[in-house]
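In this note's numbering, the protein residues as written are -14 to 652.
Cβ coordinates follow ideal geometry from the N, Cα and C atoms, glycine included.
Being a predicted model, the structure only gives us computed values, none of them experimental.
Right, one structure below, let's go through it.
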């Protein structure tokens, strides 16, 4: 399955025929002019938000938000190493490189300097007392903005002069072109210098009410990207053909988005947007096209019904009604909100956010309204007619029919409740290194669970199966209780770190770790890698429906399989594929109502073929085909009037082979 594409593109650079995009979900690379993207985050930290990117032709340098400067050699694959650590409570704001010299500005005003490709660093902590906003280099000139001042150095940053720019609140974006320098402040003013940065004039012809965040130049042609954060401000991309004296907006109809980064690649201009991914345009044309396939945000939570798939991300909620082919944003939930939890009670959806409270929808996700729940929500669970929400202060509950949130009668220590699950009248809640809690009366009263069976740790997930409860402890492993949480023991045999989400399908327990997913059918006596679609992928969220497993990943979108796919045997150390690469199974719909359908498949040898149509829980709703077929391509007409609108999985059994196709029956 595909996931929603896009994200905030904070930095763009081009290296040969490749485009590199720095996002708040790590680095992505495209080698086909932006048509497809792949993550390139090997050995970046868990918190891999990239604030800035640069290259000197030999190395790529990435500034992370709080984890220092990372470096990788300029090759086909990116394997990152930590080049420089930064001080606590400081973060990188900008980075630039030229030749062997690299400069990185900090929010504290410090300047990190390397003269040998980032191998060693010195710190200038005396020149600037305010945050460094932007830095740029050309030849022997270094231009830097900090606080409300602009500074210039011609001796590799040893000494700095302070050229004056009048009527500015501080420069936040700098660009050094071939013969003209540009500077933009935070309130929509743009300045130009033609004498290497020593004197500046304000240029606003065509740039009224803009807030410029990015520049790109090629000869006398300049581009700038604008964002809108106040009424009247104009977002989009602007172009000048006279070295920045006059500007015109490019294709305002399709490019009315906030622009965070720009780059030029051959005859194309590339724009990185806030929340909407990457757009490209040939220099000679005026129409932009979105190119973000594979540029996936982290899928923090999932909910799947027969007709909708909801995906919560770092930047809002997305909904698909056509089997993940296309996505749209959920109305009223702004993209600056991280979705932390999704659930449904009766016909009402609930979406928890990190800093915006809880939203509800009674029309299948078409519209949403904010409830009166507490702002910072980590988790949500349904327990009968009650909704329970864990947040930074504790636990709130509400009845679905009145939507009034009240605090439970219990004070929880520490930083709140990170995980919560319910089974009949019993509710389990996990804290942030503060232990686990249990309620036996639908969450009305609570008691602290005796944790002598497992140490205090960040409890990331619970899962229940009858009286058996499983708990995932981030740094300690997976623990089990067979008496509804009264006593606990650790499941051995899984030597991993960073344990994440849990899911149970029938008797199969599934756990995600950073980079892989494992399962056990015997309560932890033996573990196997999930393989197939989830191998070498970091899973952020699970959703189960009957025998079906849905996984939202950090970099690779949404994946789906049945529990039987997890159980495919391992041969010679590798998991045997259930679907041969040569199998060609397709579903072709005729007309717009998806009623007349052709099932098409190719066989390499004669075989008995059965095609079952299953709902999202894995239940067979109809057997469309059950007959013997000859070698070659076979086509069978099938009428879909036998099934209701919704998501379905067509499973073709041909001999010992299994091939699967997801499809949607529309209304």
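Reduced DSSP category for residue 612 - H, G, I as helix; E, B as strand; rest coil: Per DSSP, reduced to three states, the secondary structure at residue 612 is strand.
The beta strand (DSSP E) enclosing residue 170, as first and last residue numbers: For residue 170, the enclosing beta strand (DSSP E) has its first and last residue at 166 to 170.
Through-space distance from residue 597 to residue 540, alpha-carbon basis: Approximately 32 Å, taken between the alpha carbons.
Beta-carbon spacing of residue 620, residue 582 below 8 Å: Cβ distance not < 8 Å, so residue 620 and residue 582 don't count as in contact.
According to DSSP, residues forming a beta bridge with residue 525: Residue 525 has no beta-bridge partner at all, per DSSP.
Cβ distance (whole Å) where residue 602 is taken to contact residue 537 below 8 Å: In fact, because the Cβ distance is near 18 Å, the residues do not count as touching under 8 Å.
Residue 461 - containing beta strand (DSSP E), residue span: For residue 461, there is no enclosing beta strand (DSSP E), as DSSP marks it with neither H nor E.
Beta carbon of residue 342 nearer than 8 Å to that of residue 366: No.
Cβ-Cβ distance between residue 519 and residue 502 below 8 Å: Their beta carbons are under 8 Å apart, which means residue 519 touches residue 502 by this criterion.
Assumed close pair residue 588, residue 614 - CB separation to whole angstroms, cut-off 8 Å: Right, their Cβ atoms sit about 6 Å apart.
Every unbroken beta strand (DSSP E) inside the segment 258 to 342 [3 residues or more]: Restricting attention to beta strand (DSSP E) runs no shorter than 3 residues, the segment 258 to 342 encloses them at 263 to 267, 284 to 289, 294 to 298, 301 to 305, 324 to 330, 333 to 338, ordered along the chain.
Top-ranked residue by Cα proximity to residue 420, from 286, 333, 431: For the residues 286, 333, 431, the minimum Cα distance to residue 420 belongs to 431.
Span separating the alpha-carbon of residue 512 from that of residue 506: Near 8 Å, if we compare the C-alpha coordinates of residue 506 and residue 512.
CA nearest to the CA of residue 252, picked from 238, 201, 239: In terms of Cα proximity to residue 252, the closest of 238, 201, 239 is 201.
Same chain, Cβ closer than 6 Å to residue 467, five either side skipped, listed in chain order: The residues are 453.
Cut-off 8 Å between Cβ atoms - residues of its own chain near residue 218, not counting five sequence neighbours on either side: Contacts found: 173, 194, 195, 196, 211, 212.
Stretch pair the segment 478 to 488 + the segment 437 to 448: three plus CB contacts closer than 8 Å: Cβ pair count under 8 Å is three or more, so yes.
Residue 29 in three-state terms, based on DSSP: Here DSSP, grouped into helix, strand and coil, assigns residue 29 to coil.
Backbone secondary structure at residue 125 - three-state DSSP: Correct three-state label for residue 125: coil.
Beta-carbon gap between residue 279 and residue 22 smaller than 8 Å: In contact: residue 279 and residue 22 (Cβ atoms closer than 8 Å).
Paired residues, beta bridge with residue 423 - DSSP: DSSP, once it has assigned bridges, lists 413, 432 as partnering residue 423.
Contact belief for residue 129 with residue 199 at Cβ below 8 Å, rounded distance in angstroms: At roughly 17 Å, the Cβ-Cβ gap does not stay under 8 Å, so residue 129 and residue 199 are not in contact.
CB contact flag (residue 231, residue 190, <8 Å): The Cβ atoms of residue 231 and residue 190 sit closer than 8 Å to each other.
8 Å Cβ cutoff met for residue 179 and residue 164: Residue 179 places its beta carbon less than 8 Å from that of residue 164.
For residue 607, the nearest candidate out of 593, 132, 636, 590 (CA to CA): For residue 607, the nearest C-alpha among the options comes from 636.
Boundaries (first-last residue) of the beta strand (DSSP E) holding residue 156: Counting along the chain, the unbroken beta strand (DSSP E) around residue 156 starts and ends at 156 to 161.
DSSP-derived helix/strand/coil call for residue 634: Residue state, collapsed to three classes: strand.
Outcome for residue 347 when other beta-carbon atoms lying within 10 angstroms are tallied against a minimum of 16: It counts as exposed.
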